[in-house]
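The structure appears right after this line, and notes come after that.
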Amino acid sequence: MRTPAFGWRDYWRMLTSGRPWLPWRYFREAHAFDLRRGTDTHARVMKADFGAEPAGFAEGTFYMASWTSEIDWAFRETRALLGTDFDTFTFVDVGCGKGKAVLRWTELCARASSAQRIAGFDYHEPLVAVARRNHAKLFGAPGLITTAGAETFDFAPLGGRVLCYLYNPFGPGLMRRFLGRLSGLDAVVIYNNPAEDATLRELGFVACRTKDGGCPNAHTIIYANRRGSAN
Ligand SMILES: C[S@@+](CC[C@H](N)C(=O)[O-])C[C@H]1O[C@@H](n2cnc3c(N)ncnc32)[C@H](O)[C@@H]1O
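So in my numbering the end of the sequence shown lands on 282, straight run, no missing numbers.
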């Protein structure tokens, strides 16, 4: 995997992208997370820089970290939605990349004295290696972060309740097949940049909470397959 250096040129690219607010927002929501913790999550990895191509590569998106405030919002809302059941669900970041959502979720659970089980997987091994390193740096161990694809990750050991976190990891065909794998489970799905919203609704997932912050990175919907709408 090639990891191009991140610097002022990237901020210039954001500034001249027609969204003058983007550099500040990016700093606050992505770069600052790493500066405070000494982790490596914020710099994106384009598909051309992945190197090896894992199975299903054509349907996957590139790596980019979730914004901190989206993860925080999703944490607050799923706790409110699930109430005392919250800890009975296992959080799984589907396409965890460098592990930002797993790291932040772990911090939030610790702060809230929640014992929820937290896992993540990505089909690109070099990204998983970075995620495990980040986790070890913050929490002293690499965490439940593994190399697996959306069609191969084994949900069975996690029990019947999963809280899947997706930041637009793949397109409609794979999304449909992945959601099919959740049909036997009590599943809640946090979907950031919900490009395949129509597919979830068509397959019976009900939107329970919505946040639309005016750009794809700040748009998140929480769905459930066995709970009524609570919007
Ligand atoms: C936009 S990034 C999201 C990273 C992380 N979830 C976050 O929120 O910070 C999408 C990730 O999905 C991964 N991905 C794409 N297709 C996948 C698949 N079929 N199986 C597992 N991971 C996949 C990519 O490698 C990439 O790291």
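Note that beta-carbon positions come from the ideal geometry of N, C-alpha and C, so glycine has one too.
Any 3 or more C-beta pairs closer than 8 Å across the region 85–101 and the region 245–256: no
Given 6 Å as the limit, tell me if residue 39 has its C-beta closer than that to any heavy atom belonging to ligand 1. This structure leaves residue 39 out entirely; the chain is present only between 52 and 282.
Test item: CB-CB of residue 150 and residue 106 under 7 Å: no
Nearer than 6 Å: is that true of the beta carbon of residue 115 relative to any heavy atom of ligand 1? yes
Counting only the same chain and skipping the five closest in sequence on each side, list residues whose C-beta sits under 6 Å from that of residue 130. 137
C-alpha distance - residue 246 paired with residue 219, whole-angstrom precision: 7 Å
Going by alpha carbons, who is nearest to residue 110 out of 223, 234 and 232? 223
For residue 281, I'd like the list of residues in its chain whose CB is within less than 8 Å of its CB, leaving aside the five on either flank, ordered along the chain. With a pLDDT of 48 at residue 281, under the threshold of 50, the modelled position of that residue is not reliable, and the figure given next carries that caveat. For residue 281, where only same-chain residues beyond five positions count, the Cβ hits under 8 Å are 132, 259 and 260.
Rounded to the nearest angstrom, what separates residue 55 and residue 278 at their Cα positions? 43 Å
Can you give the beta carbon distance from residue 77 to residue 96, rounded, assuming they're within the 8 Å contact cut? Actually they are not in contact, since the Cβ atoms of residue 77 and residue 96 sit about 16 Å apart, beyond 8 Å.
Can you look up residue 144 in the DSSP assignment and give me helix, strand or coil? strand
DSSP has residue 221 in a bridge; who is on the other side? 111
Mapping the DSSP letters down to three states, classify residue 185 as helix, strand or coil. helix
With distance defined between alpha-carbon atoms, name the residue in 184, 153 and 240 nearest to residue 226. 240
Grouping DSSP H, G and I as helix and E and B as strand, with all else coil, what is residue 161? helix
With 16 as the cutoff for other CB atoms within 10 Å, does residue 74 come out buried or exposed? buried
Is residue 223 close to ligand 1? I mean its beta-carbon at under 6 Å from any heavy atom of the ligand. no
Mapping the DSSP letters down to three states, classify residue 250 as helix, strand or coil. helix
Between which residues of its own chain and residue 200 is the CB-CB distance below 7 Å, once the five residues before and five after are set aside? 105, 106, 107 and 174
Compute every distance between the C-beta of residue 178 and the non-hydrogen atoms of ligand 1, then say whether any falls below 6 Å. yes
The alpha helix (DSSP H) enclosing residue 294, as first and last residue numbers: Examination of residue 294 is not possible in this model, given that the chain is present from 52 through 282 alone.
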